[in-house]
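**Student:**
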Amino acid sequence: MIRRLVVVASLIATLAIGLGLAHAQQMVTVSTNNTPIDRQVLEAITREALKRLGLGFRLINQPSERSLRSANLGQVDGEGLRVEGLESQYPNLIRVPEKFERIAFVAFAKDPSIRLDQAWRSLEAHRVGFITGWKLFEQKASGVRTLTKVDRPEQLFMMLDADRIDLALYTKADGVALARSMNMPQIVALGPPLKEVDMYLYLNKRHASLVPELAASIRALKADGSYARIMSEITGE
């Protein structure tokens, strides 16, 4: 009798562990270092798209470079939102081929007379700053007068306000909101944008089979109006 009870208890424990593992396998964990608006887009769209596939979602925040490395190493399931083409630097990442949004990368300045008519080449005469790990800026903002990298956007705008840099490279919508929240009306976004790009989610290659399913789920959100509703709730547009 005692032996039978032990066997039953062991089976129950094994079943409980198995159910726990099954539940854990249903959760997709994505790391990000996105700006506030982009983070909301990433979380809302991914959560709804995965929900339709019967999967849960968890978003964690990490510094930009660490976020990419942890996804590439498989410590988390994915990373976003990022520009196209990161596979060449992070071979374990696969881009989900359906864009989440299109954003404008711009330069912010205290001097609105600075002209950026030659796009990236226009930066060369200036002291430039951006957030560590932002790959587009690392690729394009070479050859500037001086280059400063920081961990947080607040640091970037404080340096700009203190005249320690001439230009702060950031995303337009979030930068405008940040300058407003920090009570820095003298900091403005210069035009035209340095680049407008589509932003994507990347998954670790161990989830390769999920990539086309997730892309299809995001397309379905766009087709049935859910995407437009979510974006309107986030951006007010």
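All residue numbers in the sequence shown are consecutive under this note's numbering, ending with 286. The beta carbon of each residue, even a glycine, is placed where N, CA and C say it ideally should be.
Cα-Cα, which of 97, 90, 104, 217 is closest to residue 259?
**Tutor:** The residue with the shortest Cα to Cα distance from residue 259 is 104.
**Student:** Using C-beta distances below 6 Å, list every residue in its chain close to residue 182, excluding the 5 sequence neighbours before and after it, in chain order.
**Tutor:** Excluding residues within five positions, the ones whose Cβ falls inside 6 Å are 113, 114.
**Student:** Thinking just about the alpha-carbon of each residue, which of 217, 140, 212, 134 is nearest to the one in residue 154?
**Tutor:** Measuring from the Cα of residue 154, the nearest candidate turns out to be 217.
**Student:** On the DSSP letters alone, give me the boundaries of the beta strand (DSSP E) that residue 178 sits inside.
**Tutor:** Looking at the DSSP string, the run of the beta strand (DSSP E) that includes residue 178 is 176-180.
**Student:** Drop a sphere of 10 angstroms on the beta-carbon of residue 109, count the other beta-carbons inside from all chains shown, and report buried for 16 or more, exposed for fewer.
**Tutor:** Residue 109 should be labelled exposed.
**Student:** With a 10 Å radius around its C-beta and 16 neighbouring C-beta atoms as the bar for buried, classify residue 248 as buried or exposed.
**Tutor:** Buried.
**Student:** Cα separation between residue 73 and residue 195?
**Tutor:** Reliability of the predicted coordinates at residue 73 is poor, the pLDDT of 43 falling under 50, and no value is obtained from them.
**Student:** Among the residues of its own chain, which have a CB less than 6 Å from the CB of residue 173, if the five just before and after it don't count?
**Tutor:** Closer than 6 Å at Cβ, skipping near neighbours: 192, 193.
**Student:** In chain order, what residues of the same chain lie with their CB nearer than 7 Å to the CB of residue 255, ignoring the 5 residues before and after it?
**Tutor:** 123, listed in sequence order.
**Student:** How should residue 266 be labelled, buried or exposed, when 16 other C-beta atoms within 10 angstroms of its C-beta is the threshold for buried?
**Tutor:** Classification of residue 266: buried, given that the 10 Å Cβ count is 16 or more.
**Student:** Determine whether the beta carbon atoms of residue 93 and residue 270 lie at a separation below 7 Å.
**Tutor:** The answer is no: Cβ separation not under 7 Å.
**Student:** Count the CB pairs spanning the stretch 154-164 and the stretch 212-231 that are closer than 8 Å, and state whether there are at least three.
**Tutor:** Result yes; three or more Cβ-Cβ pairs closer than 8 Å.
**Student:** For residue 80 versus residue 128, is the C-beta spacing smaller than 7 Å?
**Tutor:** Taking 7 Å as the Cβ cut-off, residue 80 and residue 128 qualify as a contacting pair.
**Student:** Under three-state DSSP, which class holds residue 128?
**Tutor:** Reduced to three states, the DSSP call for residue 128 is strand.
**Student:** Pick from 184, 106, 84: whose alpha carbon is nearest that of residue 252?
**Tutor:** When only C-alpha atoms are compared, the closest one is 106.
**Student:** In this structure, what does DSSP give as the bridge partners for residue 282?
**Tutor:** Bridge partners of residue 282: none, in fact.
**Student:** Mind checking which residues open and close the alpha helix (DSSP H) that includes residue 212?
**Tutor:** Taken as a continuous stretch (DSSP letters only), residue 212 belongs to no alpha helix (DSSP H), as it is neither H nor E.
**Student:** Just list the residues that DSSP pairs residue 142 with in beta bridges.
**Tutor:** Its beta-bridge partners are 253.
**Student:** Using 8 Å for Cβ pairs, my map puts residue 250 next to residue 149. What's the rounded Cβ distance?
**Tutor:** The pair is a contact, with the Cβ atoms about 7 Å apart (cut-off 8 Å).
**Student:** Just to check my reading of the structure: residue 143 and residue 257 have Cβ atoms closer than 8 Å, yes? What is that Cβ distance to the nearest angstrom?
**Tutor:** The Cβ separation is near 6 Å, so the contact holds.
**Student:** Could you give the residue range of the alpha helix (DSSP H) that holds residue 304?
**Tutor:** This structure does not reach residue 304, given that the chain is present from 50 up to 286, and the question cannot be answered.
**Student:** Within its chain, find whatever has a CB closer than 6 Å to the CB of residue 78; leave out the 5 residues flanking it on each side and keep chain order.
**Tutor:** Counting only Cβ-Cβ distances below 6 Å, and skipping sequence neighbours, we find 107, 125, 126.
**Student:** Determine the DSSP secondary structure at residue 198, reduced to helix, strand or coil.
**Tutor:** The answer is strand: DSSP assigns residue 198 an E or B state.
**Student:** Starting from residue 230, trace the alpha helix (DSSP H) both ways and give me its first and last residue.
**Tutor:** 221-230 is the extent of the alpha helix (DSSP H) around residue 230.
**Student:** Please return the same chain residues whose Cβ sits closer than 6 Å to the Cβ of residue 176, not counting the five positions on each side in sequence.
**Tutor:** Taken in chain order, the residues that qualify are 194, 195, 214, 215.
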